[in-house]
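Protein chains: 2
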Amino acid sequence: MSGYTFYRRAYRAFNDYPSLTKLALVFTVSGGGLVAYSDARPFGGAYADAIQADHKKKKVVVLGTGWAGTSFLKNLKDPSYEVQVVSPRNYFAFTPLLPSVTVGTVEARSVVEPVRNIVKKKGLDVKFREAECLNIDAVNKKVHCRSSQDTNLGGEENFTVDYDYLVVAMGARANTFNTPGVVENAHFLKVSLVSSKNWLCVATLHENAFFMQEVEDAQRIRRTVIDCFERATLPTISEEEKKRILHFVVVGGGPTGVEFAAELHDFVTEDLAKHYLCTASGSRVNSHQRSRTTRFWFDKRITAFAEEKFQRDGIDLKTGSMVVKVTDKEISTKERATGENRSIPYGMVVWSTGIGTRPVVMDFMKQIGQGNRRVLATDEWLRVEGCDSIYALGDCATINQRKVMEDIMAIFSKADKIQSGTLTVADFKDVINDICERYPQVEIYLKEKQLKNFVELLKNYQGNAQKEIIDIELFKAALSEVDTQMKNLPATAQVAAQQGAYLANCFNRMEACEKNPEGPLRFRGSGRHRFRPFRNLMPGNLMAEVQAFWAICSTGWRTNSSSTSWRLGFNRPQHPVALVFSLCKQTSQLAHTGAGDI
Amino acid sequence: MSGYTFYRRAYRAFNDYPSLTKLALVFTVSGGGLVAYSDARPFGGAYADAIQADHKKKKVVVLGTGWAGTSFLKNLKDPSYEVQVVSPRNYFAFTPLLPSVTVGTVEARSVVEPVRNIVKKKGLDVKFREAECLNIDAVNKKVHCRSSQDTNLGGEENFTVDYDYLVVAMGARANTFNTPGVVENAHFLKVSLVSSKNWLCVATLHENAFFMQEVEDAQRIRRTVIDCFERATLPTISEEEKKRILHFVVVGGGPTGVEFAAELHDFVTEDLAKHYLCTASGSRVNSHQRSRTTRFWFDKRITAFAEEKFQRDGIDLKTGSMVVKVTDKEISTKERATGENRSIPYGMVVWSTGIGTRPVVMDFMKQIGQGNRRVLATDEWLRVEGCDSIYALGDCATINQRKVMEDIMAIFSKADKIQSGTLTVADFKDVINDICERYPQVEIYLKEKQLKNFVELLKNYQGNAQKEIIDIELFKAALSEVDTQMKNLPATAQVAAQQGAYLANCFNRMEACEKNPEGPLRFRGSGRHRFRPFRNLMPGNLMAEVQAFWAICSTGWRTNSSSTSWRLGFNRPQHPVALVFSLCKQTSQLAHTGAGDI
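Going line by line, the protein sequences match chains A and B. Take the first sequence: its letters are residues 1 to 598, numbered as in full-length UniProt numbering. Take the second sequence: its letters are residues 1 to 598, numbered as in full-length UniProt numbering.
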């Protein structure tokens, strides 16, 4: 699992050394470009604005303190906003490390940071409310919230906050694909409502599967693994029952699922085996994947390596079948090829099969006519479609990219200044950059086709004829395939953090860009867009690859693993030397595997 | 509160360096004598026995893994027993540090050790069952147990274990003196039944007060303190309500209560104040003591120092009144002197007013005719009165010392070998040591009266007459006041651990002492007692004194206090340097205060 050292290094910087924060962000989060960019405007300037703007402070409400929300808060510099943060968690959790927390290789306290520490910035007016968002009222620009506290503090408390700008970064909940028995929805809602309490357990009594979203989830999983072993050692347990209890099933082959399976395998075979001699031998880890999902996530080499390594370690990897039902003691699967049904008795099942929609987000989507979608649709500036003062980022949103073919006429006529109906290549010179910026798919397409630039693309379609004239038909033909290059961004921490930083930067430069817009041409309208559209600066899924890669190739290697069998579930603190060692190990192995170029 | 460094040093040794374990025990736990003593018999000998005894292995069942039970297991060496440990916690908790865990100065993981680590000894046959003891059947020598696990592991599981020897070390539960509203008993039972689960929260929803017995309790208290602050920052909370929420009440002036009050004060004024600027100013800590209990526990100097320091720090110390009722938002007190009633609104109340009887122990006491007692009565060999193969130690038991005056005739006639009806001082020479060993109060009395020895005591009563003859009346007169020196041992970790070590040592030497009894003369019967009776080797309550002393004089000093405002509630790991520093600080201050002689 030493993948975590990669994050830990980043996170420690992100966390312990405020002075390095920007550096850390460059490294772990925003990919750097945006950060450098956000520095373009000196801090002093912001204060100057503040003084003018103070009488009309704009209210910004941020929902959520995950990667997107926290990154937004971290990068917001303009003191001319009155910011309120509403979240059920008063801390930010470094989620890529959760699988390691489940087995105690990393401690919970090492992967969190209080929101108040993060927003504590000179001159910024940020208030944090520990509460759930119940409902977004886009019409009256209000958010209805509820804080649920222990009863002897006065019970639940409803309140409303007004906003001028709303930043929706509430993330997603685990996606069960409505598989029967994974979770009773009523209870699941309860979990998400009180996820900042240790009431979680109340809800989990009615769940059959565990998820891995919050730090508490990771701790609960750890407790349950130990529960299984304690139970297996009871005198009344039959051999068959023992087999069942010590059978751990992981559903889902994404980075989290893969890493957790590897972590769990280590934990069981190395740590628990020491404490529960009699029983550990019987334990099995079963990684169940709907399809070869790892292929979807990772480079083929890594997938192959993972599968081969799992087999070698005795992790039973099942692909090509789907889970159709979960009861309290059995999980039923259906072979996709043969349609044959099997049922597997288990002791604990961890469900990590991608993301689903939070009820509150779903309500909001219905309200704004997006009810048929899975996540909120935004434009390239992260504005929720249909409501311009609401922004959505992270796992609860996706960017609905504009198709070139939709705007093809507009683009053509923008280029054709004299409305001649035809264009020379020269005519394009002025608009090419705007086209590429407004429609990122164009550049990707050019790369794909190994064309130097847009002009070359057009030339290809002029055939042998040497005429320099392009008409609309030729233009359409040339761009007809460009939109095939559009891809949704993956729902990763990396993207969420980049979006948060990007949006904060837009807010920092709101007034400046009002006066001097810096975005591309408006092809349909007139003038320019205020900001450049959001770009994912590290395409692909490197973070996830590295994470899972380390999860796998470090199976069987740990920095420490003592004191693992007690219920509260923490290990000894990791020794600095071990940390350094793990960093070196990581670097060298990256080099060996040719992944050294990250 | 750097008192904890005292324990941490001890505990770390106890914990991290198995090789030092004995040393650590000498220091923190058994006071050394017993340990050295338990070494008297070489390990090899035990094996030799084992081989003979193997065909008839005696079944020993240990209930509980607190100080007493763990110390027993740690010191048991004779492999000729088949040991089963039944406890709801699969770890040992270093309880004196709990107050520090509540504020994150010490981390939970630092104060626990898995039972399996502790019992992992070559050649010993120890099985651990994570379960509650439901009922002790002394007639059939059975213990009925129930393991309560998460439902999807199969729910509750009842089983029975047989014993030849039963060691009852189940500790005590918090004592509410049946003050209405502190806790609903039904729920309280639930707490104690499931204390190894994170279900605790289910029960606490019905409690108004918090206790401090388990590590989970400490973590819950921490979460609640932070809850209070989060709630106080909500926009809808009135000033008055805020005052209430941020009013923390500690009931009980024992070491735990005092240390917790001091810890909480630091936590609130130093750490939380940083994060909750707006609110912290309003917060108050109120230490409520039924009477000047600190006097009962501590040296007067320390009590005075504590009270004075509390006042200086603005901890509102109330003495001489008693709590008569607790509701979800108010605590009602009655002045003892004036009888006047007051009610104090609070946000959180922590109840630490001594120990009460666990329901299962109470049932057992009724069963054996001790129903009118608060804790189990044992003889000086820790055998429960009325059932010879059951031993009880720690907080659930107390030693019922034999009065000299009860046995006065027997003692006299043992000394009077020729039954002359009178004795010379010389006649006593043979029995004096036995008397002093059998009736520890005699020695204490001699010290009190500053008499060199027993003979001198008798001489005092011979008056001027120089006759060397003592008759029964004179003898009675001489010893008449001895029994006033009998004291119950305090319910401390120190005593529990000493008893555990003592009993383990008796078990180690069972057979040997069967052949050559080493105890004092049986004055009523014939022959000698098999073992020496239990002696508290560190009379007084030094541990508690030092603990509380450090809690107080270190108020305002911490090794680290960052990252305190997030719900899971742990601090950064303590830096080694800080630890060293704190150790030096402690040593030097001990010297200053003349407590340097520990």
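Just so it is clear, CB atoms sit at the ideal spot from N, CA and C, and this is done for glycine as well.
Spatially closest choice to residue i from the options, by CA coordinates
i: Gly356 of chain B; options: B:Gln367, B:Ile399 and B:Val375; result: B:Val375
i: Ser87 of chain A; options: A:Thr236, A:Val101, A:Val161 and A:Lys459; result: A:Val161
i: Phe94 of chain B; options: B:Ala397, B:Asn536, B:Glu240 and B:Ala496; result: B:Ala496
i: residue 621 of chain B; options: B:Asp388, B:Asn372, B:Ser321 and B:Arg373; result: Only positions 1 to 598 of chain B appear in the structure, and residue 621 of chain B is not among them; the question remains open.
i: Ile444 of chain A; options: A:Val425, A:Thr484, A:Met170 and A:Glu308; result: A:Thr484
i: Phe92 of chain A; options: A:Ala493, A:Arg383, A:Lys449 and A:Phe454; result: A:Ala493
i: His247 of chain A; options: A:Ser480, A:Leu124, A:Val285 and A:Val85; result: A:Val285
i: Gly339 of chain A; options: A:Ser321, A:Phe260 and A:Gly64; result: A:Ser321
i: Asn158 of chain A; options: B:Lys57, B:Leu234 and B:Ser147; result: B:Leu234
i: residue 604 of chain B; options: B:Arg244, B:Thr422 and B:Phe210; result: For residue 604 of chain B there is no data in the structure shown, the boundaries of chain B being 1 and 598.
i: Glu214 of chain B; options: B:Val250, B:Ala172, B:Ile136 and B:Lys476; result: B:Ala172
i: Lys74 of chain B; options: B:Phe523, B:Gly527, B:Ala501 and B:Arg532; result: B:Ala501
i: Ala477 of chain B; options: B:Ala337, B:Lys459 and B:Tyr276; result: B:Lys459
i: Arg528 of chain B; options: B:Lys414, B:Arg535, B:Val425 and B:Lys452; result: B:Lys414
i: Arg358 of chain A; options: A:Lys334, A:Leu63, A:Thr102 and A:Lys56; result: A:Leu63
i: Arg383 of chain B; options: B:Arg530, B:Ser287 and B:Lys120; result: B:Arg530
i: Arg336 of chain B; options: B:Ser352, B:Tyr346 and B:Thr319; result: B:Thr319
i: Asn341 of chain B; options: B:Met348, B:Ser332 and B:Gly347; result: B:Ser332
i: Ala218 of chain A; options: A:Leu317, A:Met409 and A:Leu98; result: A:Leu98
i: Phe177 of chain A; options: A:Gly354, A:Arg109, A:Thr236 and A:Val111; result: A:Gly354
i: Thr378 of chain B; options: B:Phe534, B:Asn208 and B:Val251; result: B:Phe534
i: Lys417 of chain B; options: B:Pro345, B:Phe523, B:Arg146 and B:Leu446; result: B:Phe523
Where residue i meets chain A, residues with beta-carbon distance less than 8 Å
i: Ser147 of chain B; result: Glu230, Arg231 and Leu234
i: Glu157 of chain B; result: Arg231, Leu234, Thr236 and Ile237
Chain A within 9 Å of residue i, Cβ atoms only
i: His265 of chain B; result: no
i: Tyr276 of chain B; result: yes
i: Arg284 of chain B; result: no
i: Asn117 of chain B; result: yes
i: Arg222 of chain B; result: no
i: Glu107 of chain B; result: yes
i: Ala203 of chain B; result: Confidence in Ala203 of chain B is poor, its pLDDT being 31 and thus under 50, which makes the residue's placement unreliable; the coordinate value appears in the next sentence. Answer no: the Cβ-Cβ gap between Ala203 of chain B and chain A never drops below 9 Å.
i: Ala337 of chain B; result: no
Proximity test, Cβ basis, 9 Å: residue i and chain B
i: Ile226 of chain A; result: yes
i: Lys120 of chain A; result: yes
i: Leu98 of chain A; result: no
Residues that residue i contacts on chain B, provided the C-beta gap is smaller than 8 Å
i: Pro345 of chain A; result: Result: empty, since nearest Cβ-Cβ is about 11 Å, beyond 8 Å.
Where residue i meets chain A, residues with beta-carbon distance less than 9 Å
i: Arg129 of chain B; result: Glu230, Thr233, Leu234 and Pro235
Closer than 9 Å to chain C by CB, residue i
i: Lys366 of chain B; result: Of the protein chains in the structure, A and B, none is chain C.
query: Looking at chain A, which residues of the segment 159-184 of chain B have a Cβ within less than 8 Å of any of its Cβ atoms?
result: Phe159 and Val161
message: Count Cβ pairs between the segment 380-400 of chain A and the segment 66-76 of chain A that sit closer than 8 Å; are there 3 or more?
response: yes
query: So does the segment 167-182 of chain A actually touch the segment 323-331 of chain A, counting three or more Cβ pairs closer than 8 Å?
result: yes
- prompt: Between the segment 516-530 of chain B and the segment 432-440 of chain B, do at least 3 Cβ pairs fall closer than 8 Å?
  reply: yes
task: Kindly confirm or deny that the segment 402-411 of chain B and the segment 499-506 of chain B touch, where touching means at least three C-beta pairs closer than 8 Å.
output: no
field: the segment 299-317 of chain B contacting the segment 252-270 of chain B, beta-carbon criterion three pairs below 8 Å
entry: yes
task: Answer yes if the segment 75-84 of chain B comes into contact with the segment 121-141 of chain B, meaning at least three C-beta pairs across the two stretches below 8 Å, and no otherwise.
output: yes
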